[in-house]
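Step one of this worksheet: look at the structure below.
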Amino acid sequence: MIEVRGLKVDLGGFLLRDIDLHVEPGEYFIVLGPTGAGKTVLLEAIAGLYPVLAGTVSVNGRDVTHLKPEQRGIAIVYQDQVLFPHLSVEQNIAFGLKSIKRPGQHIQASVTRMAQVFGIVDLLGRDPTTLSGGEKQKVALARALVTEPAVLLLDEPLSALDPETKERMQQQLAEVHRCLRVTVIHVTHDFEEAIALGNRVAVINEGQIAQVGTPEDVLRRPNSEFVARFALSRNLFTGEATELGAGQAMVDIGGIQLMALTDARGRVHVSLRPEDVFISTEPLQSTARNSFAGTITELVDRGAVVNVTVTVPPDFICLVTRQAAAELDLRKGARVWITFKASAIHVF
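Numbering that gives the first Met the number 0 puts the first residue of the sequence shown at 0, with every later residue one more than the last.
Have a look at this one:
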């Protein structure tokens, strides 16, 4: 378990401030944010690599705020792996155990077990410089976990990998976490990693925590415009909400009115995820409360999917598969209908 209370770190040009986090034992916790938000600074402050101006860091109920990094029971793995080139894979994994003077028999058994967990037994005799990026990352993770740390800190561990290797490593990280149940704090800027791996997510921006919740909470119920934009809720509006009764409101966003499930009244922000907007060439026979005619003004090919901008006005961005775009013959200038449920609208 990790408990961070009122943490403040001043690096001169950057300030981490008022950080409060509670990470449960065995939880896979994601710290998510854009470049320069303070993700790595937070991770390294927890590890003891930066002096703390205020606040506390506790590991399993023990205050480690002023302890040296090696006294905290924490292991950290960076995206560039940093393996020792003069040692074999086996010697790299064993390094931490030798440093704390574990018996040779214990070291051998622990290294073998960890190599089995990561499926790298056949790599033990190899030179690290001959390994692929994915293999190096597995060795770095095995080296960190072989000492049985209370907490594993991961600083963008998948960012340097190609898409296929990255997907495999995501699956392996999830499997290893299920097997070992170690508490993990994983820093990334990639929302897909957060969804694939995280039990909960903290979004950080400009040195402060913006929101904490499940990936679903952050994805569908952002608490600010920044979080909504970072989570790619591409349809963001401001408007005036008026009561309809029974937990419903009509939100005027300038020209059109949206039906939403909310108790909010007055000036509000609205977010609507592009995948929740259905597009059709005719009005849909549906229970969805929001349906508008519009014109396609832009199509952006994203590979497996297509972003379609429909101007009602205002502009709405819809996400459709390439197959659906072809079947509907979606093209710039075409007249279409967009439809979405009242429950798809998040008001904050």
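We put the CB at the ideal spot given by N, CA and C, even for glycine.
In the DSSP assignment, find the alpha helix (DSSP H) that holds Met113 and state where it starts and stops.
What you label residue 113 is simply residue 114 of the sequence shown in a count that begins at 1. Where Met113 is concerned, the enclosing alpha helix (DSSP H) stretches over Gly103 to Phe117.
Do you know whose CA, among Pro221, Ser109 and Ile344, lies nearest Ile208's CA?
For this step, residue 208 is matched to residue 209 along the sequence shown. Per the Cα distances, Pro221.
So, are the CB atoms of Ala343 and Asp300 less than 7 Å apart?
The sequence position of residue 343 within the sequence shown is 344, counting from 1. The sequence position of residue 300 within the sequence shown is 301, counting from 1. Not a contact, by the Cβ cut-off of 7 Å.
Please work out which residues of its chain come closer than 6 Å, Cβ to Cβ, to Ala240, disregarding the five sequence neighbours upstream and downstream, and give them in chain order.
On the sequence shown, position 241 is the one that residue 240 refers to. Taken in chain order, the residues that qualify are Ala248, Val250, Ala263, Arg264 and Val267.
Considering only their Cβ atoms, is the gap separating Val181 from Leu151 smaller than 7 Å?
Residue 151 sits at position 152 when you count from the first residue of the sequence shown. Residue 181 sits at position 182 when you count from the first residue of the sequence shown. Going by beta carbons, Leu151 and Val181 fall inside the 7 Å limit.
Do you know whose CA, among Ala44, Pro214, Lys135 and Gly118, lies nearest Pro84's CA?
Within the sequence shown, numbered from 1, the residue matching residue 84 stands at position 85. Checking every option, the nearest Cα to that of Pro84 belongs to Lys135.
Assuming Ala227 and Leu196 make a contact with CB atoms under 8 Å, what is their CB distance in whole Å?
Here residue 227 is taken as the residue at index 228 of the sequence shown, counted from 1. Here residue 196 is taken as the residue at index 197 of the sequence shown, counted from 1. Not quite, the Cβ-Cβ distance comes to about 22 Å (not below 8 Å), so this is no contact.
Taking C-alpha atoms, which residue in Val311, Ile203, Ala53 and Arg112 lies nearest to Ile252?
Sequence index remark: in the sequence shown, residue 252 carries index 253 (1-based). Looking at the Cα atoms, Val311 is the closest of the given residues.
May I have the straight-line CA-CA distance separating Phe339 from Val309, to the nearest angstrom?
If you number the sequence shown from 1, residue 339 lands on position 340. If you number the sequence shown from 1, residue 309 lands on position 310. Distance between the alpha carbons of Phe339 and Val309 is about 13 Å.
For Ile255 versus Val30, is the C-beta spacing smaller than 7 Å?
Walking along the sequence shown from the start, residue 255 turns up at place 256. Walking along the sequence shown from the start, residue 30 turns up at place 31. It is not a contact, given that the beta carbons lie outside the stated cut-off.
Would you report the Cα separation of Gln210 and Ala201, rounded to the nearest angstrom?
Mapped onto the sequence shown, residue 210 falls at position 211. Mapped onto the sequence shown, residue 201 falls at position 202. Cα to Cα, Gln210 sits roughly 6 Å from Ala201.
Span separating the alpha-carbon of Gln171 from that of Leu179
Locating residue 171 in the sequence shown gives position 172, where the first residue counts as 1. Locating residue 179 in the sequence shown gives position 180, where the first residue counts as 1. Using only the alpha carbons, I get a separation of about 12 Å.
Grab me the residues of Ala193's own chain with a C-beta within less than 6 Å of its C-beta, minus the 5 sequence neighbours each way, in chain order.
The residue you call residue 193 lines up with position 194 of the sequence shown. Excluding sequence neighbours, Ala193 sits near Ile29, Leu31, Val200 and Pro214.
Quick one: what's got a C-beta closer than 7 Å to Glu43's C-beta in the same chain, skipping five residues either side?
Taking the sequence shown and counting its residues from 1, the one referred to as residue 43 is at position 44. Tyr49.
Give the C-beta separation of Ile106 and Leu122 to the nearest angstrom, bearing in mind that I take them to be a contact with Cβ-Cβ under 8 Å.
Here residue 106 corresponds to residue number 107 of the sequence shown, with the count starting at 1. Here residue 122 corresponds to residue number 123 of the sequence shown, with the count starting at 1. Going by Cβ atoms, the distance from Ile106 to Leu122 rounds to 17 Å, so no, they are not a contact pair.
Ignore the nearest five residues each way along the sequence and tell me which others in Phe5's own chain have a CB closer than 8 Å to its CB.
Here residue 5 refers to the residue found at position 6 when the sequence shown is read from its first residue. According to the sequence displayed, residue 5 carries Gly and not Phe. Excluding residues within five positions, the ones whose Cβ falls inside 8 Å are Asp17, Ile18, Asp19, Ala53, Gly54 and Thr55.
Considering only DSSP beta bridges, list what His268 is partnered with.
Sequence index remark: in the sequence shown, residue 268 carries index 269 (1-based). Thr237, per the DSSP bridge assignment.
Quick one: measure Cβ to Cβ for Ile337 and Ile295, integer angstroms, because I've assumed they're closer than 8 Å.
Walking along the sequence shown from the start, residue 337 turns up at place 338. Walking along the sequence shown from the start, residue 295 turns up at place 296. That belief does not hold up - the Cβ atoms of Ile337 and Ile295 are roughly 10 Å apart, past 8 Å.
Among the residues of its own chain, which have a CB less than 8 Å from the CB of Thr34, if the five just before and after it don't count?
On the sequence shown, position 35 is the one that residue 34 refers to. Result list for Thr34: His188, in chain order.
Cα separation between Glu26 and Asn198?
As a first step, residue 26 is located in the sequence shown; it is residue number 27 there, counting from the start. As a first step, residue 198 is located in the sequence shown; it is residue number 199 there, counting from the start. Answer to the nearest angstrom: the Cα atoms are 6 Å apart.
Selection from Leu82, Ala230 and Ala287 that minimises the alpha carbon distance to Ser131:
The residue labelled residue 131 in the question sits at position 132 within the sequence shown. Closest by alpha carbon: Leu82.
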